[in-house]
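Engineer: As they're listed, the protein sequences go chains A and B.
Position 338 of the first sequence, counting from 1, maps to 338 under this note's numbering, and the rest follow consecutively.
Position 74 of the second sequence, counting from 1, maps to 1074 under this note's numbering, and the rest follow consecutively.
For reference, the structure I am asking about is given below.
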Amino acid sequence: MKQRFLLSSILVLLVITLIRCSEDPNPVGAGLLPASDSIRLDTLTVTATGSSSETAIPLALSSRILIGNTPEMEAWAVMRFGPIPDSILFLPMLSAEINLRTVYHFGDSLAAFSVDVHQVLQEWGTDSLTIDSLQAPGFYDLTSLTQAAFPSVGDTETISIPVDTNMVRSWGTYSDTVFTNYGLLLRPTNTNVIKGFAPFIAADATQLPQLLMTFQDSAGNIDTAIVNAGTYRYVTRLKNTTWASDSVRMYVRNGVAYRGVVAFDVSSIPLHAAIHKATLQLTLDPTQSEFNSYTVDSTLSIFVTDDGTFINSINEIGEPQQPGDQRIYESPAGQFVQRWVRGTALQKIAIAGYGESNAVDLFVFYGAAASPELKPKLTIIYSLMQ
Amino acid sequence: MKKAHRSILIVLPLLSIMLVGSPSLTYANGPTFSRFGVGDLLRRGNSRIDAMGGAGIALVGDGFINGLNPAGLSKISLTRISGGFEYSSFYSNDGLHSSRYSRGTFEGVAFAIPIAKSLGITMLMESSPLSNVDYAIEEKDTALTQDFYGAGGLSLLSIGGSVSPLKNLSLGLKLNYVFGRIEQVGKFTFVDPSFTDSQIDRSDYYSGFTFTLGSIYEGVGDLFNSSSLDSLSVGFVLTTPAVLSVTHESILTTSASFDTTQSASGKVDLPLAFGVGASYVFADRYSITADAFLQNWGTAKFFGSHPAEIRNSTRVALGFEAMPSREARTFWSALVYRAGIYYNSTYYKINGQPIDEWFVTGGLGIPIGPGARMNVGLHAGIRGTTSANLQRDTIIRLSVSLSASEAWFLKIEED
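Written out as structure tokens, the structure is:
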């Protein structure tokens, strides 16, 4: 009995002392810690050691189909509508037209717009087509099927372009096993505006491109059929390529995937440093840049590998700041610098416009050869813990 | 009762394997001192000795396993096992803040197997913690929160034994394998979300060997031809220095990267330690013990340099024990009562300030069967100072251990 009492007393004492104890870190005894345990932040500011402008990979899927010409660039498009229903296989086709809804322009919004429609003769892919392959002999029938011209097209209008019914017939229907539909080439013939049209992936179904066909059935009734699914791609080309020789400025042209590349030297940061923050600052030359109301006023900083490949998935968004008279685009760059410190030899960042796939704006930034206050700048806050 | 003994004999080794050998580390909390050196050094004789202020270098006897001095095993007559658990409560105050912590630690387990009683030959196998690292500190300002954690410690696996080559003289030897992992973590969290947080995780993996040599001489009375000194025994113990091999690894983690920033091998000195003790028994029931123990940390090198926070350590202790009388019939009169006091000039010297500790101890030995005893010990003391930006800990330790014997490995004479 007494043994039990004693053991119970010990257990009670244990329970009482176990309670009311701190489990979380607290400041008691912080004064004992050596200074080397605490983090020490250092800041390094470097300016660009080099800058250039380079053509990047072909554009990815766009939310606009761009077609047109400006004095600086041209934009051609190819479109392939989906198969025509079998139900109208034997009905006489009275007419066919494509309807495109405008959603964008770059250049003179009041300028005339015109386009020639050609039949494409070869297979093509949305991820590999370039303007060179598009203009190669045999890619499309040089004889245009239609020449459409419009004195001026607003940004919320639908334009209709007639197409040859025999060509549409030649595309076959759903049940066909032999594939002959390579689509249409829309080659701009205007001079001062690039128009953007809603693509097959538009969220608003009323804005989708349409292939509108009219038929006459055996009873003489006129009927219509619409195909609004398909694939598309636009490709662009700069008419003036003298930018590459300009070391004072760095050109970033949307639409053509013409990107700026800025190089830094951060070798003074110790190996294995932790990068807590890095900010890339690019100063805009507003006199050279070309924006309009559709411009997405942001940039995309993109990691560049040792072999010069742009890794689009490793990116940061740059936003404009306006300290005084200058317009400076600031972008986080910590993940880039962290990779450089870990051993990436090529310390470069590619700069693209945020709307690179959907517009043809031009950002002109000061480059490495500009005056010191205008050069691209990288401010890095880091610590070294080992 | 024999069943109970067997249960103890099975359960304690299993606990030993689980708790001492477990590689996993958890962060609890505790005073900051263990940030330095190899952490808080744990010097455990066993709970009997601990309750007497830790003075027991000269203790020799049948009813316990002397963890301080292997020579103290020479009079063990039956296979004995002991093991225990200690609960510690800390109240820490640095002059600005205070906090209370608690932790439970396994005290280790030991087997002593008598081989030849007449020669005092006893074999020992032992597993015990040598040091403990356990702290969690937070420094916070308007821009940054820095959390520092420490966990782990060193452990010992020992094998050894005792022998009595001469009447009144016992000698002992232990081979100790020292091993363990000490982990220190710094976690840095910025208030500004545009900053990338980081965490540095440093781990040191230790391993090495030491020897512990001990002797106890019980013939002081004969030596000085004084019957009043017949019950005086003196002891000496020495643990050889060792150079521990240490593998150091640092891993830096941020939200953007995971990087092994350092992976290196080095050496850490585990310096020479020695102690002397005396024990005097009077009136057949009462004993007084006294120890002095020193360890030469003052020149110990960690990765090639001597840390400023480490110095020589000295520990002096005095203990008292009252055994029950042979005629004890009641429960209370059958208890063993123990008390002690010790002063420890620890091996810490932080911010130029030596860190010392004072403790008073007490305990009971509760008989739970033939040859078996549950020992309960209570220690209360203070460590450190709030001057020089340091902290003072008020520490209470409660230990519970079991010690039991069994007639294993002995030849039974047949009629």
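The beta carbon of each residue, even a glycine, is placed where N, CA and C say it ideally should be.
No experiment lies behind these values; they were computed from the predicted model shown.
Short check: CB of Val1336/B to CB of Leu1378/B, under 8 angstroms?
Structural biologist: Residue 1336/B sits at position 336 when you count from the first residue of the second sequence. Residue 1378/B sits at position 378 when you count from the first residue of the second sequence. The answer is no: Cβ separation not under 8 angstroms.
Engineer: Just to confirm, are Gly1160/B and Lys1174/B a CB contact at a threshold of 8 angstroms?
Structural biologist: Taking the second sequence and counting its residues from 1, the one referred to as residue 1160/B is at position 160. Taking the second sequence and counting its residues from 1, the one referred to as residue 1174/B is at position 174. Cβ distance < 8 angstroms, so Gly1160/B and Lys1174/B count as in contact.
Engineer: With Ser51/A and Pro332/A assumed to form a contact (beta carbons below 8 angstroms), what rounded beta-carbon distance in angstroms separates them?
Structural biologist: What you label residue 51/A is simply residue 51 of the first sequence in a count that begins at 1. What you label residue 332/A is simply residue 332 of the first sequence in a count that begins at 1. 19 angstroms between Cβ atoms; not a contact.
Engineer: Can you tell me where the beta strand (DSSP E) with Trp1358/B in it begins and where it stops?
Structural biologist: In the second sequence, the residue the question calls residue 1358/B occupies position 358. It spans Gln1353 to Gly1369 - the beta strand (DSSP E) in which Trp1358/B sits, taken as one unbroken run.
Engineer: Closer than 9 angstroms by beta-carbon distance: list the chain A residues that pair up with Ala1051/B, in chain order.
Structural biologist: The residue you call residue 1051/B lines up with position 51 of the second sequence. Those within 9 angstroms of Ala1051/B in chain A number zero; the least Cβ separation is about 14 angstroms.
Engineer: Can you check DSSP and say which residues form a bridge with Asn292/A?
Structural biologist: Residue numbering aside, residue 292/A sits at position 292 when the first sequence is read from its first letter. Answer is none; Asn292/A lacks a bridge partner.
Engineer: List the residues of chain B that Val266/A touches, going by C-beta distances under 9 angstroms, in chain order.
Structural biologist: The residue labelled residue 266/A in the question sits at position 266 within the first sequence. None at all; the shortest Cβ gap to chain B is about 15 angstroms.
Engineer: Note down, in chain order, each residue of its chain lying with its Cβ closer than 7 angstroms to the Cβ of Val1360/B, except the 5 sequence neighbours on either side.
Structural biologist: Here residue 1360/B is taken as the residue at index 360 of the second sequence, counted from 1. The residues are Ile1341, Ala1380 and Gly1381.
Engineer: Taking only beta-carbon positions, decide if Lys277/A is within less than 8 angstroms of chain B.
Structural biologist: The sequence position of residue 277/A within the first sequence is 277, counting from 1. It does; some Cβ of chain B falls within 8 angstroms.
Engineer: What is the DSSP secondary structure of Trp243/A, counted as helix, strand or coil?
Structural biologist: Here residue 243/A is taken as the residue at index 243 of the first sequence, counted from 1. Trp243/A: helix per DSSP, three-state reduction.
Engineer: Let me confirm a value: Glu1321/B is counted as buried when at least 16 other C-beta atoms fall within 10 Å, else exposed. Which label applies?
Structural biologist: Translated into positions along the second sequence, residue 1321/B becomes position 321. Buried is the call here.
Engineer: What are the uninterrupted segments assigned as alpha helix (DSSP H) that are 4 or more residues long and contained completely in the segment 165-251 of chain A, given in chain order?
Structural biologist: For the segment 165-251 of chain A, whole alpha helix (DSSP H) runs of length 4 or above, ordered along the chain, are 165-170.
Engineer: Would Arg20/A be called buried (16 or more neighbouring beta carbons within 10 Å of its own) or exposed?
Structural biologist: Here residue 20/A is taken as the residue at index 20 of the first sequence, counted from 1. Only weak support is given to the placement of Arg20/A: the predicted model assigns it a pLDDT of 47, under 50, and the value that follows is read from those uncertain coordinates. Exposed, by the Cβ-count rule.
Engineer: Can you tell me where the beta strand (DSSP E) holding Phe1111/B begins and where it ends?
Structural biologist: Here the question's residue 1111/B lines up with position 111 in the second sequence. Unbroken beta strand (DSSP E) run through Phe1111/B: Ser1098 to Ala1116.
Engineer: From Met93/A to Met250/A, what does the alpha carbon distance come to, in whole angstroms?
Structural biologist: Taking the first residue of the first sequence as 1, we reach residue 93/A at position 93. Taking the first residue of the first sequence as 1, we reach residue 250/A at position 250. Looking at the two C-alpha atoms, the distance is approximately 53 angstroms.
Engineer: Under three-state DSSP, which class holds Thr1260/B?
Structural biologist: Counting from one through the second sequence, the residue named residue 1260/B turns up at place 260. In the structure shown, Thr1260/B sits in a strand (DSSP, three-state: E or B).
Engineer: Could you tell me the distance, in whole angstroms, from the CA atom of Ser53/A to the CA atom of Phe1258/B?
Structural biologist: Sequence index remark: in the first sequence, residue 53/A carries index 53 (1-based). Sequence index remark: in the second sequence, residue 1258/B carries index 258 (1-based). Distance between the alpha carbons of Ser53/A and Phe1258/B is about 33 angstroms.
Engineer: At a Cβ threshold of 8 angstroms, is Ala274/A touching chain B?
Structural biologist: Within the first sequence, residue 274/A is the residue found at index 274, counting from 1. By this cut-off, Ala274/A is an interface position.
Engineer: List the residues of chain A whose Cβ lies closer than 7 angstroms to the Cβ of Thr1196/B, in chain order.
Structural biologist: Position 196 of the second sequence, counting from 1, holds the residue named residue 1196/B. Going along chain A in sequence order, the residues near Thr1196/B (Cβ under 7 angstroms) are Ile275, His276, Lys277 and Gly334.
Engineer: Shortest alpha-carbon distance to Ser1279/B belongs to which of Pro1031/B, Val1220/B and Asp1062/B?
Structural biologist: Residue 1279/B sits at position 279 when you count from the first residue of the second sequence. The shortest Cα separation from Ser1279/B among Pro1031/B, Val1220/B and Asp1062/B belongs to Val1220/B.
Engineer: If you draw a straight line from the C-alpha of Trp243/A to the C-alpha of Lys1140/B, how long is it?
Structural biologist: Within the first sequence, numbered from 1, the residue matching residue 243/A stands at position 243. Within the second sequence, numbered from 1, the residue matching residue 1140/B stands at position 140. Using only the alpha carbons, I get a separation of about 51 angstroms.
Engineer: Identify whether Val153/A lies in helix, strand or coil by the three-state DSSP scheme.
Structural biologist: On the first sequence, position 153 is the one that residue 153/A refers to. Val153/A falls in the coil class under three-state DSSP.
Engineer: Determine the extent of the beta strand (DSSP E) in which Asp1204/B is found, giving its start and end residues.
Structural biologist: One-based indexing of the second sequence puts residue 1204/B at position 204. Counting along the chain, the beta strand (DSSP E) containing Asp1204/B begins and ends at Ser1198 to Tyr1217.
Engineer: At which residues does the beta strand (DSSP E) containing Gly1275/B begin and terminate?
Structural biologist: As a working mapping, residue 1275/B is identified with position 275 in the second sequence. Ala1273 to Phe1282 is the span of the beta strand (DSSP E), which, as asked, contains Gly1275/B.
Engineer: Tell me the DSSP secondary structure of Leu262/A in three-state form.
Structural biologist: What you label residue 262/A is simply residue 262 of the first sequence in a count that begins at 1. It is Val, not Leu, that sits at residue 262/A in the sequence shown. In this structure, Val262/A counts as strand in the three-state DSSP scheme.
Engineer: Should Pro1031/B go down as buried or exposed, given a rule of 16 or more other Cβ atoms within 10 Å for buried?
Structural biologist: On the second sequence, residue 1031/B is found 31 positions in, with the first residue counted as 1. With 16 or more Cβ atoms within 10 Å of its Cβ, Pro1031/B is classed as buried.
Engineer: For Asn1389/B, which three-state DSSP category applies?
Structural biologist: Position 389 of the second sequence, counted from the first residue, corresponds to residue 1389/B. Looking at Asn1389/B - three-state DSSP - the assignment turns out to be helix.
Engineer: Residues of chain A with a CB under 8 angstroms from the CB of Arg1329/B: which are they?
Structural biologist: Within the second sequence, numbered from 1, the residue matching residue 1329/B stands at position 329. Going along chain A, no residue has its Cβ under 8 angstroms from Arg1329/B, so there is no contact; the nearest lies around 13 angstroms.
Engineer: For Leu1025/B, which three-state DSSP category applies?
Structural biologist: The residue labelled residue 1025/B in the question sits at position 25 within the second sequence. Unreliable placement is indicated for Leu1025/B, whose pLDDT of 42 sits below 50; no coordinate value is reported for it.
Engineer: Please list, in chain order, the chain A residues whose beta carbon lies closer than 7 angstroms to that of Leu1252/B.
Structural biologist: To locate residue 1252/B, count along the second sequence from 1; it is residue 252. Going along chain A in sequence order, the residues near Leu1252/B (Cβ under 7 angstroms) are His272, Ala274 and Met385.
Engineer: Below 7 angstroms on C-beta distance, what does Ala30/A contact in chain B?
Structural biologist: For the purposes of this step, residue 30/A is taken as residue 30 along the first sequence, with counting starting at 1. Ile1137 and Glu1139, listed in chain order.
Engineer: Using the beta-carbon count (16 or more within 10 Å), is Pro1114/B buried or exposed?
Structural biologist: Position 114 of the second sequence holds residue 1114/B. Its Cβ being crowded by 16 or more others within 10 Å, Pro1114/B is buried.
Engineer: Could you list which residues in chain A have their beta carbon closer than 9 angstroms to that of Arg1311/B, in chain order?
Structural biologist: In the second sequence, residue 1311/B corresponds to position 311, counting from 1. What Arg1311/B touches in chain A: nothing, since even the nearest Cβ is about 15 angstroms away.
Engineer: If we count Cβ pairs, one from each stretch, closer than 8 angstroms, do we get three or more for the segment 1034-1042 of chain B versus the segment 1147-1158 of chain B?
Structural biologist: A contact exists between the segment 1034-1042 of chain B and the segment 1147-1158 of chain B.
Engineer: Candidates Phe365/A, Gly343/A and Asn358/A: which alpha carbon is nearest Ala350/A's?
Structural biologist: On the first sequence, position 350 is the one that residue 350/A refers to. Here the closest residue by C-alpha is Phe365/A.
Engineer: For Pro320/A, which residues from the same chain have a beta carbon less than 6 angstroms from its beta carbon, with the 5 sequence-adjacent residues on both sides left out?
Structural biologist: Stepping through the first sequence from its first residue, residue 320/A is reached at position 320. So the list reads Asp297, Arg327 and Tyr329, once near-sequence residues are dropped.
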